[in-house]
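Number of protein chains: 2
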Amino acid sequence: MDELAHADLGPRPFARWSDPEDDATPVRGVPVWLARRLGDLTPRAPVPISAIPVPPSGLSPDAAAEFRQAVGPAYVETEPEARLAHAGGQSYTDLVRRRFGYDVAVPDAVIRPASHDEVLSVLAVATKRDVAVVPYGGGTSVVGGVEPVDGGHRAVVTLDLSRMDRLVDVDPISRTATFQPGVTGPRAESLLAEHGLTLGHVPQSFPRGTIGGFVATRSAGQASTGYGRIDDMVVALRVATPVGEIRAGTGTPNAAGPDLRALFTGCEGALGVLTEVTLRTRPTPEERHYEMWAFGSFGEGLDTIRGLVQDVDAPDVVRLSDEEESATTLATQGPKGRLAALLARVRGLRTPALCVLGWEDTAEGVRRRRQAAARSLRASGAIPLGARAGEAWRRHRFEGPRQRDILLDAGVLVETLETATTWSRLRDLYDAVSRALRDSLTAAGTPPVVMTHVSHVYPTGASLYFTVLARQLPDAAEALEQWESAKAAANEAIATHKATITHHHAVGRAHAPYLVHEVGELGVTTLAAVKAHLDPRGILNPGVLIQASPR
Amino acid sequence: MDELAHADLGPRPFARWSDPEDDATPVRGVPVWLARRLGDLTPRAPVPISAIPVPPSGLSPDAAAEFRQAVGPAYVETEPEARLAHAGGQSYTDLVRRRFGYDVAVPDAVIRPASHDEVLSVLAVATKRDVAVVPYGGGTSVVGGVEPVDGGHRAVVTLDLSRMDRLVDVDPISRTATFQPGVTGPRAESLLAEHGLTLGHVPQSFPRGTIGGFVATRSAGQASTGYGRIDDMVVALRVATPVGEIRAGTGTPNAAGPDLRALFTGCEGALGVLTEVTLRTRPTPEERHYEMWAFGSFGEGLDTIRGLVQDVDAPDVVRLSDEEESATTLATQGPKGRLAALLARVRGLRTPALCVLGWEDTAEGVRRRRQAAARSLRASGAIPLGARAGEAWRRHRFEGPRQRDILLDAGVLVETLETATTWSRLRDLYDAVSRALRDSLTAAGTPPVVMTHVSHVYPTGASLYFTVLARQLPDAAEALEQWESAKAAANEAIATHKATITHHHAVGRAHAPYLVHEVGELGVTTLAAVKAHLDPRGILNPGVLIQASPR
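Residue numbers (my numbering), protein chains in the order written: chain H, 1 to 551; chain R, 1 to 551.
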């Protein structure tokens, strides 16, 4: 996966995903087009980082000394720069706070262990000294998963796992690879490419995200239909907890009681720190082919892709946009509206639903599977738009966060949220969440554009991914409240429809209050009982996954 | 799945799997052939059931009255017949005890709830009255999962779930079906067949096993390569615990923290009682095709089936026998050794390894996938033996337990055990476990026949299933000790090789002491912490999964 191996972005700027000057690929017409739809926007540059106040580190000298002993003096950083660099994740609200210099929290120190044993030592010191520990991979959480929250403890440190970036072992016979948690997506692909292998796990966070983060958040990549979710790839885990080590997984599925891999896949650093992850790999595909199709409507598209995943042989990537998202694509990509005009004039499709389909396989596999899918697609009346549009999507698929930077500069509220449910409930859920978002933001005086796609399909159901854009309110507190209200309305709609609060973004702090709708009071207290057993002082990522109980 | 819908066996005899008189399919030459290999066997009929002493029920009148209130007076049975009918599972040691009338434990009562709420009520009474509860589906456990063990509580009751046998709901769009736990395998297939659907989950226990049991033991069916393990089919669960209800699963995979479905899939009734199970279904396959191939050796077969599952498109059923098991098949099945003679004379294969491959798919799917597999098989030098031998295996695939009855009557020790590991470690594990079994039984003066097959293949590894036969020692205590020593030797070999203690038989009481090798001390105490939270008095299936701690 050569192209993937080179997706690494280098250090992240403070209030952006990527440095605009480093951005080799120009981001195209989206912002201009959107500005027209959202009304008068007020461009807004981030405040300089020097304007962000950083309080002195609250770490006691004794605790600091013991942490230094655990990982070496150079790897306990208390300077403002390192602490600011770990001031939360990449959600819209994280970025708003950093851009406005409003309510930016920083950890008391950043600790960079180099091994499983060093992680165990750090957790022992933290337990003894009552210091909260926030495990940190690529810092790409969009659900408040890496915010430096002390949870009532004496201090909070960020446990930056970037030094643990080795490929520990490859088993070419069993096609598994064991990584340390801090290996980024591109680095993992680059290391595996030397063995002719790939993970094929490409979430939007891929360029900065880490193996540990992918597993801790139970993520799903854009090609999850073909390669599986990260849950499907986890063969074994090694976990450091405040009370010792857990190893889960023996190389194959088995029946040895509840599968403990599932307790730590998705633990979000609240039950332990992943220190070694063994994943299933596959041979690098011989061929990749992406193409685009147009359906008469989102509904027709849903029925057809359901047929593909239930009865045919689903492509490895399936991404169906609703009419609104398709209109944006048609208006802002490709040869200036030509495709839209063609669809309207020749096919009578004025509001099509576009769909990207991708195959990564042997040449023969791609050929055969494309043919089988094409038969179903044509039977449903879908119109092929060819490989150029599909390949364009693939080339630009990690650009979302860069486009967001530009939109934020332009004064746009821009955020995404996602859920999933069964095929039979999908349409109602889509309507309810879209309506909740529109109603909330319209009531705030900022009518939004809400665009949706389905990008993860299963035999039983599918995900829904909403992108929301609106004119950002000018004041930081107002801007935060503007989005938080809309998000709460969407969450209520999700809970009402018994869908999941998160298909692939994880729970973090943002969704923790809604977990009870999904797993019930007893589900939440069961997770809390596990946490109490493994983390008796509650130092691990307080408030993530399980809401903070009063201390 | 018509054939499957008719596999139901009716009531189970006390010391056998099936009533020999009901046995429509004659079991062929295996016993005769085996007798020759094992030396002088002494035929041994079970003692009459009337010879089994049944103590009076130890249930207090108050507890009995409250249980009657919970489920209705007719459904709390304390008569000897009902209690004897629930005296443990179907392991070799279970059957030896019942056949010899030696150390047969019976519950103090059998309770048959009709609903989730009744199960909750029973658990509340049991908690209040300090009565152990053993959840019971088809009673087919081979690991001591349904033995009536009081675990130091005042009494023990068996919670027979056979009245909870409804198909609660079918969602044809999402292709899911919700069952009560007591639905047997054949009944589930029969109910689904009305909707054109199937589960395709056919473990050896299928004719008597139940949906609840399949999920509680995290089982894998013979067609797991195609249809997936039960873990892969579980969409949602409803669980009754002594402290209330848990619902897990929202219809699709998600990222909402640790997947709680995995805590109850494989909970073996020790963490809760499954009261509703929603499973993924598939359309009834258009065509089924089974065929047999011969490899030059077990090793060649392993390399080739690994290639099928890693690089081609594995058949839905893959079952590769080692040379010893293949010799038994050739000696005892088919037209009296003709196949063996043919292989030896024409192909020079004196000790072939036979392999059953099966496809269940659309006619086109079967054709295409068979062709692709055949290319790989021929390239590896495998010899096609045709569909007749494959179909013979399919027709007789649920006969193992009947053959065992006959072997037990003939005075044979006959038991199976299984494990799994990665492809790279599989051969060493095979050698070590086979050797441990042979050495132990040879030391007991009863040199065994040990036959092995691989029947569940994954991209990362595969299962190993051992069938052990030896001359049974004449005394009940000696016979039990004879097998328990061999099993312990095998378990040690499994632990030494870091393989799983059970690929699909579950932990039960038989494997509970070995779980610590697999998930570590902290893994075991974490499960115990979950149990303490959900079952604070420890009434649920004491000693199963988690070894009894001193009370």
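We put the beta carbon where it would ideally sit given N, CA and C, even for glycine.
Distance from the CA atom of R/G538 to the CA atom of R/K531, rounded to whole angstroms, is 7 angstroms. For R/Y465, same chain residues with a beta-carbon under 7 angstroms away, outside a window of 5 residues either side, are T416, E418, T452, H453, S455 in chain order.
Sequence-distant partners of R/H505 (beyond 5 residues in either direction) whose C-beta falls short of 7 angstroms from its own C-beta, in its chain, are V142, V143, E418.
For R/D169, the enclosing beta strand (DSSP E) covers residues 167 to 171. Residue-level contact check: H/I494 does not touch chain R, since none of the beta carbons of chain R fall below 7 angstroms from its beta carbon. Judged by DSSP in its simplified three-state form, H/R438 adopts helix. The straight-line gap separating the alpha-carbon atoms of R/R404 and R/A327 is approximately 18 angstroms. The C-beta distance from R/V433 to R/I494 rounds to 6 angstroms, short enough to meet the 8 angstroms contact threshold. Interface annotation, H/N254: in contact with chain R, CB-CB separation under 7 angstroms. In the DSSP assignment, H/H289 forms a beta bridge with H/W359.
For the segment 345 to 403 of chain R, the continuous alpha helix (DSSP H) assignments of 4+ residues that do not extend past its boundaries occur at 363 to 379, 387 to 395, in sequence order. By the Cβ criterion, the segment 247 to 258 of chain H is in contact with the segment 519 to 534 of chain R, since at least three pairs of Cβ atoms, one from each stretch, lie closer than 8 angstroms. With respect to the 7 angstroms criterion, R/S57 and R/A109 are classified as neighbours on the basis of their beta carbons.
For R/A240, the enclosing beta strand (DSSP E) begins and ends at 234 to 241. Beta-bridge analysis with DSSP links R/M451 to R/T467.
Against chain H, a Cβ distance below 7 angstroms from R/A262 picks out P258, D259, A262. Beta-bridge pairing by DSSP links H/S321 to H/H453. For R/F295, the three-state secondary structure derived from DSSP is strand. In the three-state reduction of the DSSP assignment, H/T281 falls in the coil class, being assigned neither a helical nor a strand state. Excluding residues up to 5 positions away in sequence, H289, Y290, E291 lie with their Cβ nearer than 7 angstroms to the Cβ of R/A387 in the same chain. By the Cβ neighbour-count rule, H/T127 is buried, with 16 or more other Cβ atoms within 10 Å of its own. Secondary structure of R/D94 (DSSP, three-state): helix.
Across the structure, H/V412 and H/Q482 are spaced so that their CA atoms are roughly 12 angstroms apart.
About 5 angstroms separates the Cβ atoms of H/F214 and H/I230, confirming a contact at the 8 angstroms cut-off.
For the options R/R247, R/V168, R/R175, R/S174, the alpha carbon positioned closest to that of R/I211 is the one of R/V168. Assigned with DSSP and collapsed to three states, R/A255 falls in coil, not helix or strand. The straight-line gap separating the alpha-carbon atoms of R/L473 and R/R36 is approximately 17 angstroms. For H/L123, the closest of H/A7, H/L540, H/V146 by C-alpha to C-alpha distance is H/L540. For H/V134, the uninterrupted beta strand (DSSP E) run begins and ends at 131 to 136, by DSSP. It is roughly 46 angstroms from the alpha-carbon of H/T351 to the alpha-carbon of H/P542. Ranking R/A410, R/R435, R/R509, R/H511 by CA distance to the CA of R/P43 puts R/A410 first. Look at R/D475 here: in three-state DSSP terms it is coil, with no helix or strand label. For the alpha helix (DSSP H) assignment, the uninterrupted runs of no fewer than 4 residues enclosed by the segment 54 to 87 of chain R are, from N- to C-terminal side, 61 to 71, 80 to 84.
Neighbours of R/Q310 in chain H, taken as residues at a C-beta separation under 7 angstroms, are given in chain order as R175.
Ranked by Cα distance from R/D431, the options R/H497, R/G200, R/G88 are led by R/H497. Using beta-carbon distances, R/G251 counts as an interface residue toward chain H, with a partner under 7 angstroms.
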